[in-house]
Amino acid sequence: MGKIISIVNQKGGVGKTTTAVNLGAYLSYLGKRVLLVDVDPQANATSGIGIDHKSLEHGIYEALIGEKEIFAIIKRTLQEGLEIAPSTIALAGAGVELVNMEDREFKLARILSAVKNEYDYIIIDGPPSLGLLTVNSLVAADEILIPIQSEYYALEGLSQLLETISLVQNNLKPELGIMGAVITMYDKRNRLSGLVMNELYQYFPNRVFRSIIPRSVRLAEAPSYGRSILHYDAKSKGGRAYERLAKEVIDLELK
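1 is the number of the first residue of the sequence shown in UniProt numbering; add one for each residue after it.
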């Protein structure tokens, strides 16, 4: 039975998609079967893994509204063991269409239940907002991973996100767990980064990953080539950091 991890933060530009793509790539590199699910209408995870979302006829949107089986939209990627349920521009309208549907918060959970046994990990890349697609991403997950940028305003909005998670736990998915927070875009020259880290440990005692993702040009460049950092520059600081993070995630299962 696979574990579903939703990577969420309603704040844009915190390394959410970078984390989804690269954690997925390294988990599969370490021998796990992984499905990346792109639930962001911007489709950055889809293009970042090398798939032209503009030329796709079907994506996660058609699966969500019941037009297609999820099996029919899954695509293979460059990385053996890593597959993707891609996003397309059609997903932009899903928030509106889902509103009038019955059990609208459970659509993603339902379609992923059909493939859960096929994978060791399903990683959901949710949109940078707290709308219905994000709620679907939370309800579908076993656990949540929160990427947090190490900068002054990073923790603004975190209490809002935790409030949303709490609402989902109380009303829709009591067993939803928080796997933890991962610090992204870390710059050791910046004194603020240390202050943010200290505050973060207070929010998530014992649940901040030891692997810290550095601010990295190579990490920023990789998506424009449709590559994970594993295929673009595995020996870079960013590549090594995501490999360590994937190992930490696997180790959690063993505890």
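For each residue, glycine too, the CB sits at the ideal point set by N, CA and C. Since we're looking at a predicted model, the values are computed, not measured.
query, result
"The stretch 59–76 touching the stretch 85–102, judged by at least three CB pairs closer than 8 Å", "yes"
"Contained beta strand (DSSP E) runs [length at least 3] in the stretch 37–100, N- to C-terminal order", "82–85"
"Cut-off 7 Å between Cβ atoms - residues of its own chain near A114, not counting five sequence neighbours on either side", "I70"
"Y26, enclosing alpha helix (DSSP H) - first and last residue", "K16 to Y29"
"Rounded Cβ spacing between G59 and A90 (contact assumed at less than 8 Å)", "7 Å"
"Start-to-end residues for the alpha helix (DSSP H) that takes in A241", "K237 to L254"
"Counterpart residues of I124 in DSSP-defined beta bridges", "S6 and V37"
"Inter-stretch contact at 8 Å, needing at least 3 Cβ pairs: the stretch 22–36 / the stretch 134–142", "no"
"C-beta atoms of I7 and L230 nearer than 7 Å", "no"
"At least 3 beta-carbon pairs within less than 8 Å: the stretch 42–52 vs the stretch 213–232", "yes"
"Beta-carbon proximity check, E221 vs M179, cutoff 7 Å", "no"
"Inter-residue Cα distance where the pair is T184 and V99", "33 Å"
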